[in-house]
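Chemist: One structure, pasted below without further comment.
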C-alpha cells in the first residue's frame, strides 16, 4: 500500500522522522532538497526557523520575506528570504491555504501574561528552540521571528491578531525546497492554552527528499 504522505514528492527519501508532540527538531537541508512537513492528526502548529548551514549569522528574516512578497501569509510560491535578502527556501506546494508569519512563538513570559501565572512552568516553543539551537552553539540572541506552519492568525478589523482554530486537517502538508544549504530548526508547538493546537499537541512527520 502506497504511503499517502509521500505522494507527489519528487526524488528519493533521505530522511523520514516522526517528531513527537511538544518536541524540538533540527536537521540539515541541502540546496535542492525538499522538506515535507506533514500534520499527522490535524490542527497542529509547527514553529520554524532556518539558518545558513555554513554561516549562522545569516538566518530567516520575516521582515524581508513579508516586504518582498507584500503579504503576511505564506502560500504556494512564497519565497523565504534571509536577513541578507538571499533566497533560503521556496514553498513548492501546500495543502493548507496559508501559513502564519507574525504570530510568534509561545514562551513562559507570554504564557504568564496571556493565561496567568500558573502557566509559567509549562513547556514552550522558546524552550524547544533553545534546546535545538544549543546543539549548534546558538542562544537567545540567535532567535528571530518565526514561521508558524499550519497556524491560523487572522488580522482583525481593528488590527489585532487572532489565534483561532487551525485550518489544517490530518495528513495535510507543506513542501519547502532549499535554495541554499540550511539548518532547519523546529518546535512542534506544545501550547495548550489556545486553539492553535486544538488544545491537544500532536506529532508531525518530517520527510526530506533529493
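Residue numbers (the numbering used here): 92 to 301. No residue lacks a Cβ here, since even glycine has one placed at the ideal position from N, Cα and C. These figures come from a predicted structure and were not determined experimentally.
Report the three-state DSSP secondary structure of residue 92 (helix, strand or coil).
Modeler: With a pLDDT of 49 at residue 92, under the threshold of 50, the predicted position of this residue should be treated as unreliable, and no value is reported.
Chemist: How many whole angstroms separate the CB atoms of residue 270 and residue 105, which I take to be in contact at a CB cut-off of 8 Å?
Modeler: Contact doesn't hold; Cβ gap of about 18 Å is too wide.
Chemist: Output needed for residue 185: all residues of its chain with C-beta closer than 6 Å, excluding positions within five of it in sequence on either side, in chain order.
Modeler: 167 and 265
Chemist: Going by DSSP, name the residue or residues bridged to residue 241.
Modeler: DSSP lists no partner for residue 241.
Chemist: Could you tell me the alpha carbon to alpha carbon distance between residue 158 and residue 248, rounded to whole angstroms?
Modeler: The alpha-carbon atoms of residue 158 and residue 248 are separated by roughly 21 Å.
Chemist: Closer than 6 Å by C-beta to residue 283: which residues in its own chain qualify, once you throw out the five before and the five after it? Chain order, please.
Modeler: 290
Chemist: Expressed to the nearest angstrom, what Euclidean distance is found between the alpha-carbon atoms of residue 254 and residue 221?
Modeler: 24 Å
Chemist: Exposed or buried, residue 134, counting other C-beta atoms within 10 Å across all chains shown (16 or more means buried)?
Modeler: buried
Chemist: Could you please give the first and the last residue of the uninterrupted beta strand (DSSP E) stretch that includes residue 182?
Modeler: 178-185
Chemist: Could you round the C-beta distance between residue 125 and residue 179 to whole angstroms and report it? I think they count as a contact, below 8 Å.
Modeler: Not confirmed; about 14 Å, so no contact.
Chemist: By alpha-carbon positions, which one of 218, 191 and 187 ends up nearest to residue 199?
Modeler: 218
Chemist: In whole angstroms, what separates the C-alpha of residue 243 from that of residue 102?
Modeler: Using only the alpha carbons, I get a separation of about 31 Å.
Chemist: Pull up the distance between the alpha-carbon of residue 92 and that of residue 99, whole angstroms please.
Modeler: Low confidence applies to residue 92: its pLDDT is 49, below 50, so where it sits in the model is not reliable, and the reading given next is rough at best. Residue 92 and residue 99: Cα-Cα distance of roughly 15 Å.
Chemist: So residue 274 and residue 227 are in contact, right, with Cβ under 8 Å, and what is the actual spacing, rounded?
Modeler: Residue 274 to residue 227, Cβ: 7 Å. Contact.
Chemist: Taking the alpha helix (DSSP H) that residue 148 falls in, what are its first and last residues?
Modeler: Taken as a continuous stretch (DSSP letters only), residue 148 belongs to no alpha helix (DSSP H), being part of the beta strand (DSSP E) at 146-150.
Chemist: Assuming residue 143 is part of the beta strand (DSSP E), what are its boundary residues?
Modeler: 137-143
Chemist: Give the single residue among 176, 241 and 213 whose Cα lies nearest to the Cα of residue 139.
Modeler: 241
Chemist: Drop a sphere of 10 angstroms on the beta-carbon of residue 190, count the other beta-carbons inside from all chains shown, and report buried for 16 or more, exposed for fewer.
Modeler: Within a 10 Å sphere around the beta-carbon of residue 190 sit 16 or more other beta-carbons, which makes this residue buried.
Chemist: Here's a check: name, in chain order, each residue in its chain whose Cβ is nearer than 7 Å to the Cβ of residue 278, leaving out the five neighbours to either side.
Modeler: 115, 138, 196, 216, 219 and 220
Chemist: By how many angstroms is the C-alpha of residue 232 removed from the C-alpha of residue 147?
Modeler: 12 Å
Chemist: For residue 125, list the residues DSSP reports as bridge partners.
Modeler: 268 and 300
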